[in-house]
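In this note's numbering, the protein residues as written are 2 to 411.
Heads up, the beta-carbon is just placed ideally off N, CA and C, and yes, glycines get one too.
Structure first, then comments.
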């Protein structure tokens with residue numbers, strides 16, 4: 002499959018609500034010799050009582066045997082609306098564990114979890130941990146550990162970005178002769194890989210932002226004096242600014258920004274910051290949009306949370322994150338960070354467009370749900386972000402570039 006065809010197939014599959022025909026096409030191109038001869042579909046009484054409350058139907062599209070002889074099933078699980086994706090995640094995982102154990106003790110499954118009528122769905126890799134032991138007669142038998150199944154998932158759909166999925170699966174789609182092993186599939190769902198990549202991108206953005214601030218302080222007498230009088234240094238200013246922006250990415254994912262005056266929280270656009278940038282209602286994005294958003298809209302209580310500058314509701318966030326660092330004079334000092342620091346058309350070495358802060362953050366999925374030992378989401382989460390901040394703590398001056406990422410323990 003040509004590289005552009007592979008990218009398009011991933012985008013069409015994962016950046017839209019679930020479509021069985023598209024998912025089937027993706028699966029057949031990912032697993033080139035997928036055996037569809039024993040496909041089936043079960044619902045109702047054929048679903049065990051323990052899972053019937055949450056699962057409406059499940060289908061097997063086919064079986065795949067990797068180059069090492071390990072079997073894997075490709076499944077579609079339709080959830081009931083009452084449970085949706087984020088509820089009963091343990092029950093969903095345990096259902097696949099039940100399936101794998103009772104369907105020939107397979108090692109793993111690739112599963113599409115979806116709910117009819119919802120735009121988001123989960124693309125998951127579920128793996129069992131089997132071990133063997135000898136019984137009293139000396140025979141070797143397979144024993145399933147008490148809590149064996151581990152699930153790794155991409156949250157995908159109309160409101161999600163498929164960039165990470167694209168970087169993981171494109172190579173398999175491009176080579177028609179390549180048959181992924183189970184280990185390679187598990188690596189494609191690796192959270193550690195996302196964490197390391199995100200930290201490296203974040204550190205690069207930090208360095209660019211700090212350098213731009215250094216240039217402004219050196220050439221703008223008003224800003225330079227205000228920073229000197231207030232004891233503001235560009236290192237901490239850059240750290241805080243990036244922290245503010247990335248925090249807003251978590252909140253905009255929940256639909257808390259850009260909410261119409263008469264609408265409920267959660268109904269706002271999930272790309273609010275990108276919309277503010279693209280509307281171009283400013284002379285300078287940081288000075289005219291971000292600073293008022295940080296230090297006025299988010300930092301002050303207003304009647305019914307309505308903010309007239311953006312003509313929408315913005316939540317009041319009572320915390321130090323949106324206090325001006327060292328009380329610098331953001332109103333009277335113009336910190337004119339270049340707009341292309343936030344978004345541009347520069348091509349990256351990976352073939353993406355844009356090296357700005359918004360460009361980079363837009364490529365990642367953000368989740369407020371912290372991982373559990375057996376349930377991991379391939380996304381930027383608060384725990385991962387804490388690691389990023391921790392690794393930037395030692396940056397003290399312009400020459401310091403920050404540490405390299407040290408993987409967290411699984």
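Residues of its chain near residue i, where Cβ-Cβ distance is below 7 angstroms and the 5 sequence neighbours each way are ignored
i: residue 252; result: 258
i: residue 330; result: 227
i: residue 260; result: 266, 268, 269, 313, 314
i: residue 177; result: 2, 33
Contacts around residue i, its chain only, beta-carbon distance under 8 angstroms, and the 5 residues preceding and following it disregarded
i: residue 162; result: 16, 363, 364, 365, 366
i: residue 160; result: 120, 121, 271
i: residue 354; result: 346, 347, 348, 360
i: residue 8; result: 167, 171
i: residue 175; result: 2, 3, 4, 7
i: residue 311; result: 259, 277, 294, 298
Beta-carbon proximity check, residue i vs residue j, cutoff 7 angstroms
i: residue 358; j: residue 206; result: yes
i: residue 203; j: residue 389; result: yes
i: residue 239; j: residue 275; result: no
i: residue 10; j: residue 27; result: yes
i: residue 222; j: residue 342; result: no
i: residue 306; j: residue 337; result: no
i: residue 192; j: residue 369; result: no
i: residue 126; j: residue 190; result: yes
Cβ shell of residue i (< 6 angstroms), same chain only, five flanking positions each side left out
i: residue 196; result: 385
i: residue 298; result: 308, 315
i: residue 399; result: Residue placement at residue 399 cannot be trusted, given a pLDDT of 44 that sits under 50; what the coordinates show is reported in the next sentence. So no residue of the chain qualifies.
i: residue 31; result: 173
i: residue 29; result: 35
i: residue 89; result: 55
C-alpha distance - residue i paired with residue j, whole-angstrom precision
i: residue 3; j: residue 179; result: 14 angstroms
i: residue 124; j: residue 150; result: 16 angstroms
i: residue 93; j: residue 152; result: 9 angstroms
i: residue 13; j: residue 61; result: 21 angstroms
i: residue 394; j: residue 321; result: 18 angstroms
i: residue 201; j: residue 243; result: 14 angstroms
i: residue 70; j: residue 182; result: 9 angstroms
i: residue 285; j: residue 317; result: 24 angstroms
i: residue 463; j: residue 164; result: The structure shown does not extend to residue 463, since the chain is modelled only from 2 through 411, so no value can be given for it.
i: residue 282; j: residue 117; result: 39 angstroms
i: residue 41; j: residue 113; result: 15 angstroms
i: residue 269; j: residue 340; result: 24 angstroms
i: residue 158; j: residue 267; result: 17 angstroms
i: residue 262; j: residue 247; result: 25 angstroms
i: residue 293; j: residue 301; result: 11 angstroms
i: residue 46; j: residue 91; result: 21 angstroms
i: residue 44; j: residue 254; result: 33 angstroms
i: residue 82; j: residue 100; result: 21 angstroms
i: residue 279; j: residue 209; result: 21 angstroms
i: residue 108; j: residue 18; result: 28 angstroms
Proximity test, residue i beta-carbon vs the ligand GDP heavy atom, cut-off 6 angstroms
i: residue 176; result: The ligand GDP is not among the ligands present in this structure, which contains no ligands whatsoever.
Below-7 angstroms beta-carbon distance, residue i vs any chain B residue
i: residue 25; result: Absent from the structure: chain B. Only one protein chain is present.
Presumed contact (8 angstroms Cβ cut-off) between residue i and residue j, rounded CB distance
i: residue 65; j: residue 78; result: About 17 angstroms separates the two Cβ atoms, so there is no contact after all.
i: residue 63; j: residue 21; result: At roughly 13 angstroms, the Cβ-Cβ gap does not stay under 8 angstroms, so residue 63 and residue 21 are not in contact.
i: residue 233; j: residue 334; result: 10 angstroms between Cβ atoms; not a contact.
_Length-filtered (3 minimum) beta strand (DSSP E) runs lying within the stretch 30-94_ = 41-44, 56-66, 72-80
*asked:* Quick check for students: name the residue ranges of the alpha helix (DSSP H) that lie wholly in the stretch 147-196, counting only runs of 4 or more.
replied: 164-175, 183-189
_Unbroken stretches of the alpha helix (DSSP H), 4 residues or longer, contained in the stretch 243-319_ = 273-280
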